[in-house]
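Please read the structure below before turning to the comments.
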Amino acid sequence: MKLRTYLLLANCISIAFIIGFLLVSFQYMLVTKKQLVWLVTATIGSGIASAGLHFLLVRPLESSVRRMRDGAASIASGDLKARVTQQTRLAEFRDLAVQFNAMGASLDRSFAQVKAAERAQRELVANIAHDLRTPLASLQSYAEALEDGIVQDEESFGRYVSTIRSETIRLGELIQDVFDLSTLDADKAMNNPDAQSEAAVFEDSLVGLLSRFAPQLNAKSLHLRVLAPERSLAIRMSAVHLVRVLQNLIENAVRHSPEGGIIVVEAKELPERRIRICVTDEGAGIPPEERERIFERFYRVEKSRNRAGGGSGLGLSIAKLLVEQYGGEIGVEPATGQGSRFWFTVREA
Ligand code: ADP
37 MKLRTYLLLA NCISIAFIIG FLLVSFQYML VTKKQLVWLV TATIGSGIAS
87 AGLHFLLVRP LESSVRRMRD GAASIASGDL KARVTQQTRL AEFRDLAVQF
137 NAMGASLDRS FAQVKAAERA QRELVANIAH DLRTPLASLQ SYAEALEDGI
187 VQDEESFGRY VSTIRSETIR LGELIQDVFD LSTLDADKAM NNPDAQSEAA
237 VFEDSLVGLL SRFAPQLNAK SLHLRVLAPE RSLAIRMSAV HLVRVLQNLI
287 ENAVRHSPEG GIIVVEAKEL PERRIRICVT DEGAGIPPEE RERIFERFYR
337 VEKSRNRAGG GSGLGLSIAK LLVEQYGGEI GVEPATGQGS RFWFTVREA
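Using this note's numbering, you'd call the opening residue of the sequence shown number 37 and step up by one each time.
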């Protein structure tokens, strides 16, 4: 039943009650016939006037309800941008319209987030599939060449075997990176409280790492300089995670440094017991428009995906997740002269 019909019916029932009461009064001779006619006419007249008034007054109410109904129907049909006007004289409907629009905006935001997450997930799977396929394809072709006896001389045989080994290592690293990313994502989703209580010693982490990098540094005749305060620096971060962040940054610095270049690892004390750690190289640097994007998963400045000497494009995103997990920040800036300076902040334990 429509609101208008409902009000009209209520009006008619009231009039019928009054007329009934007047008829009973007439039967008991409480009113004269003349008075009865007059009172019944007055009751019907005021009933009609009141119905007309109701009719007018109920119009803004009806149009507000209609607007809300249309807005809800648009949202139900998938138009999450639909909003209702908040211009109404009725305070309750104005509040309802404000709440309705806030609900629509929040639905729209959540839907956009879900879509972005789905897109990112699809891209991640596509990237992983691509990066797994490339080394697997070359492994297969090299293994088949060896199997078919195409390679006769010892030198080529050695080269084939060494390529198979390096592709296997690259595959292993990629799988490890993807595994680390998913573990870190899960930790982030659970807001891992353990992460906040562990501590690492900066010098110890660095010493362990430098011996690991010695062959690569020697191969490119790179010089590595460490600048740190005299005192030992205890950092509020698990040693495994600190080593992982430093390793990813130093690995990139080594990869992008020219022969004979200098790499500087520096730890500086900041106010409020914070520490800024920088890894500076003398490489080609990073174009300004790429500086934010290089922290995205699988993003590489060198677009070609046949990464001669390149990594998986996951190193910096892993470093960012780790640093942020401990409440720090990470970024890159151009180094003085030539090259890049990657930095991250951590808290002192
Ligand atoms: P990758 O494992 O491919 O190096 P990263 O996530 O570590 O992936 O780095 C993303 C991209 O950022 C790299 O492809 C590279 O182009 C760029 N990059 C990282 N570090 C440096 C650096 N020190 N100098 C120049 N470019 C760098």
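Backbone N, C-alpha and C define an ideal beta-carbon position, used for all residues, glycine too. Values in this document were obtained by computation on a predicted structure and should not be read as measured data.
Would you call residue i buried or exposed, if buried means 16 or more other Cβ atoms sit within 10 Å of its Cβ?
i	result
PHE136	buried
ARG103	buried
ASP115	exposed
ILE84	exposed
GLY194	exposed
MET65	exposed
SER293	buried
HIS277	buried
MET37	exposed
LEU358	buried
GLY107	buried
PRO171	buried
SER100	buried
PHE378	buried
ASP105	The sequence given here places Arg at residue 105; Asp does not occur at that position. Exposed: under 16 other Cβ atoms inside 10 Å.
ILE80	exposed
What's the gap between the Cα of residue i and the Cα of residue j?
i	j	result
LEU315	GLU191	According to the sequence provided, residue 315 is Val. The question's Leu does not apply to it. Spanning the two alpha carbons is a distance of roughly 38 Å.
ILE211	SER257	30 Å
ASN342	LEU260	In this prediction, ASN342 has a pLDDT of 47, which is less than 50 and means its spatial position is unreliable; nothing more can be read from the coordinates.
ALA87	LEU58	21 Å
ALA385	VAL243	19 Å
LEU282	VAL134	50 Å
ALA371	ASP216	29 Å
LEU253	ARG291	10 Å
ARG267	ALA303	11 Å
LEU97	CYS48	21 Å
ARG206	GLU287	14 Å
GLU159	GLU326	19 Å
ARG155	SER146	14 Å
GLN176	ARG169	10 Å
VAL301	GLU360	20 Å
SER274	TYR362	9 Å
VAL161	ASP167	10 Å
ALA236	ILE271	5 Å
ASP131	VAL150	29 Å
ASP184	GLY296	42 Å
GLN123	ALA109	20 Å
ALA78	ARG40	23 Å
ALA289	VAL262	14 Å
GLN71	LEU92	31 Å
GLN157	ALA148	14 Å
ALA152	SER50	59 Å
ARG383	LEU220	19 Å
Go through its chain and collect everything with a Cβ distance to residue i's Cβ below 7 Å, but skip five positions before and after it.
i	result
ILE322	ILE330, VAL337, VAL368, SER376
LYS356	PHE331, ILE366
LEU43	HIS90, VAL94
ARG125	PRO96
ASP213	SER348, LEU350, ILE354
ALA181	VAL187, TYR196
PHE129	SER100
ILE164	VAL214
ALA320	HIS292
So, at 6 Å on beta carbons, what are the nonlocal neighbours of residue i in its own chain, with the 5 sequence-adjacent residues on each side left out?
i	result
VAL67	SER61
THR381	ARG310, ARG312, GLY364, GLU365
GLN374	GLU318
Near residue i, what residues of its chain come up, given a Cβ to Cβ distance below 8 Å and the 5 sequence neighbours on each side ignored?
i	result
ASN284	GLY351, LEU352, ILE354, ALA355
ALA179	ILE200
SER174	THR199, GLU203
ILE111	ALA118, GLY140, LEU143
Quick one: measure Cβ to Cβ for residue i and residue j, integer angstroms, because I've assumed they're closer than 8 Å.
i	j	result
PHE238	LEU269	4 Å
SER241	VAL279	5 Å
GLY349	TYR335	6 Å
ILE55	VAL73	The Cβ separation is near 11 Å, so there is no contact.
PRO265	GLU308	Actually they are not in contact, since the Cβ atoms of PRO265 and GLU308 sit about 16 Å apart, beyond 8 Å.
Measuring only between beta-carbons, confirm whether residue i sits less than 7 Å from chain C.
i	result
ARG40	Any reference to chain C falls outside this structure, which holds one protein chain only.
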